[in-house]
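Protein chains in written order, with our numbering: chain A, 9 to 189; chain B, 11 to 272.
(1) Please confirm if residue 159 of chain A has its CB atom under 7 Å from at least one CB of chain B.
(2) With H, G and I counted as helix, E and B as strand and the rest as coil, what does DSSP make of residue 145 of chain B?
(3) Can you tell me where the beta strand (DSSP E) holding residue 192 of chain B begins and where it ends?
(4) Kindly give me the distance between the Cβ atoms of residue 137 of chain B and residue 174 of chain A, rounded to whole angstroms, as I take these residues to be in contact under 8 Å.
(5) Using a Cβ cut-off of 9 Å, pull out every chain A residue sitting near residue 83 of chain B, in sequence order please.
(6) Looking at residue 71 of chain A and residue 41 of chain A, is the spacing between their C-beta atoms short of 7 Å?
(7) If you measure between the beta carbons of residue 158 of chain B and residue 197 of chain B, is that distance less than 7 Å?
(8) For residue 308 of chain B, list the residues DSSP reports as bridge partners.
(9) With DSSP run on the structure shown, which of helix, strand or coil describes residue 155 of chain B?
(10) Closest Cβ-Cβ distance between residue 247 of chain B and chain A: below 7 Å?
(11) Could you tell me whether the Cβ of residue 62 of chain B comes closer than 7 Å to any Cβ of chain A?
(12) From residue 140 of chain B to residue 191 of chain B, what distance separates their C-alpha atoms?
(13) Considering only the alpha carbon of each residue, which of B/31, B/61, B/17 lies closest to residue 45 of chain B?
(14) Would you list, in chain order, the members of the region 125 to 144 of chain A that have their beta-carbon closer than 8 Å to a beta-carbon of chain B?
(15) Between residue 152 of chain B and the rest of its own chain, which residues show a CB-CB distance below 8 Å, the 5 nearest in sequence each way excluded?
(16) Using a Cβ-Cβ cutoff of 8 Å, what residues of the region 145 to 177 of chain A are near chain B? List them in chain order.
(17) Just the Cα atoms here: how many angstroms apart are residue 233 of chain B and residue 260 of chain B?
(18) Where do the ends of the beta strand (DSSP E) carrying residue 148 of chain A lie?
(19) If you measure between the beta carbons of residue 31 of chain A and residue 44 of chain A, is that distance less than 7 Å?
(20) Using a beta-carbon distance cut-off of less than 7 Å, what residues from the region 26 to 52 of chain B approach chain A?
(21) So which residues of chain B does residue 45 of chain A contact, with C-beta pairs closer than 9 Å?
(22) To which residues of the same chain is residue 253 of chain B closer than 6 Å at the C-beta, ignoring the five residues directly before and after it?
(23) Can you tell me where the beta strand (DSSP E) holding residue 162 of chain A begins and where it ends?
(24) What does DSSP give as the partner residue(s) for residue 212 of chain B in the beta ladder?
(25) Excluding the five sequence neighbours on either side, which residues of its own chain have a C-beta within less than 6 Å of the C-beta of residue 121 of chain B, listed in chain order?
(26) Quick check on DSSP: helix, strand or coil for residue 51 of chain A?
(27) Within its chain, find whatever has a CB closer than 7 Å to the CB of residue 32 of chain B; leave out the 5 residues flanking it on each side and keep chain order.
(28) Kindly list, in the order they appear in chain B, the residues whose Cβ is closer than 8 Å to that of residue 123 of chain A.
(29) How about residue 153 of chain A and residue 63 of chain B: do their beta carbons lie closer than 7 Å?
(30) Taking the alpha helix (DSSP H) that residue 295 of chain B falls in, what are its first and last residues?
(31) Run through chain B and tell me which residues come within less than 7 Å of residue 32 of chain A, C-beta to C-beta.
(32) Starting from residue 21 of chain B, find everything on chain A with Cβ-Cβ shorter than 7 Å and list it in chain order.
(33) Specify, as a first and last residue, the run of the alpha helix (DSSP H) that residue 16 of chain A falls within.
(34) Determine, for residue 146 of chain B, whether the minimum Cβ-Cβ distance to residues of chain A falls below 7 Å.
(35) Tell me the residue span of the alpha helix (DSSP H) that contains residue 60 of chain A.
Here it is, written out as structure tokens:
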């Protein structure tokens, strides 16, 4: 029996959703993100013999991030990197097309899209720490493993990311809410 | 105005502060208006992000592609999904693996009852897939609607050729929704319908006649899991994640060998 495959399925595969989520938030396009995830999972599998420890999540997410960065630099060489617009263009729609929650009222859905856009518009180094901390619930140490940034840098980036997100969120989302009342 | 202690307050908020310094930080927050506001803003942003921001999970298509890629990658080794796609089976290696692989043991155990063929080669896979899609498209999902297994199970007695075990699993999140009869493999198969979140799971059961079936296969984003218990073949189909589908099949496989009226 393939011991490596079994260990991989037990330790790494349960983090596939986290890998997908991070890739989507880094790449901001679902097609690119799927390619990144597949590439990352295969790299992780090939290198799984070198993995030591019990929590494969930060290790796997670091590979996802590296795959994203190499894909992004390839794209940059060939063309330009797509950036999200602020006006809800089709590009933006793809970004937030995840799984709409049918229970959400129109206003709720609208706010959700707005906050998605606020986070997506943050520069990469701020976007990633915020996603890793708030959506993946990673510790500072794990965020440091994923991003390769020292602990102090993780803390200051997180602080800056929160300030930027709050600022944009208050102007975009709260503005809408007050405007509708 | 930002306080010079803002990063310490953030670390405290994130549960990362040195426990020895926590009382001091708490005292500081109480006396510092900027840090009180900072903590509230961080909490508001966190709950907004966790409630409103999209969490992108891997869909069935991505999972399927990934499993195939891993199969190709571990070609030559005898991974359990590799066994399915290559149609080979080495019992000794299989059992040593099943014994040490706690996570996969449950999935793998039923394996021993099957001769493995290439998934696509069996027309029954297509039949089951068609029956599943028909049940979702028409209003013929349920003949007897009930979350009570005492209602659903007796219904099969008059309407299907087999009578599979029926149970509701509220704690695990698999809710019994009802039953129906479908014509499958030349017989009246019993179908138990479960709901898992927003997903429908059809569990087909029919009499075993020595057919060879894959353990797990994926068609058009739908996962199909087969297993055998006693003289019945079971097949669970859904568009839910494979792990979640296997959660239900494990529960059902753990139930006693069913009686069947052949």
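Cβ atoms here follow ideal geometry from the backbone N, Cα and C, with glycine treated the same way.
Once the coordinates are examined:
(1) no
(2) helix
(3) 185 to 194
(4) Contact doesn't hold; Cβ gap of about 56 Å is too wide.
(5) 13, 50, 53, 54
(6) no
(7) no
(8) There is simply no residue 308 of chain B to check, as chain B begins at 11 and stops at 272 in what is shown.
(9) strand
(10) no
(11) yes
(12) 14 Å
(13) B/17
(14) 127, 138, 141, 142, 143
(15) 187, 188, 189, 190, 203
(16) 147, 148, 163, 164, 166, 167, 170, 173, 174, 177
(17) 15 Å
(18) Counting along the chain, residue 148 of chain A falls outside any beta strand (DSSP E), though it belongs to the alpha helix (DSSP H) covering 148 to 155.
(19) yes
(20) 26, 51, 52
(21) 68, 72, 76
(22) none
(23) Per DSSP, residue 162 of chain A belongs to no beta strand (DSSP E); it is in the alpha helix (DSSP H), 159 to 177.
(24) B/203, B/247
(25) Caution applies to residue 121 of chain B, whose pLDDT of 41 falls short of 50 and renders its modelled position unreliable; the model cannot decide the point.
(26) helix
(27) 22
(28) 58, 59, 62, 63
(29) no
(30) This structure gives no information on residue 295 of chain B, because the portion of chain B shown stretches from 11 to 272.
(31) 66
(32) 163
(33) 11 to 19
(34) no
(35) First-last for residue 60 of chain A: undefined, no H or E at that position.
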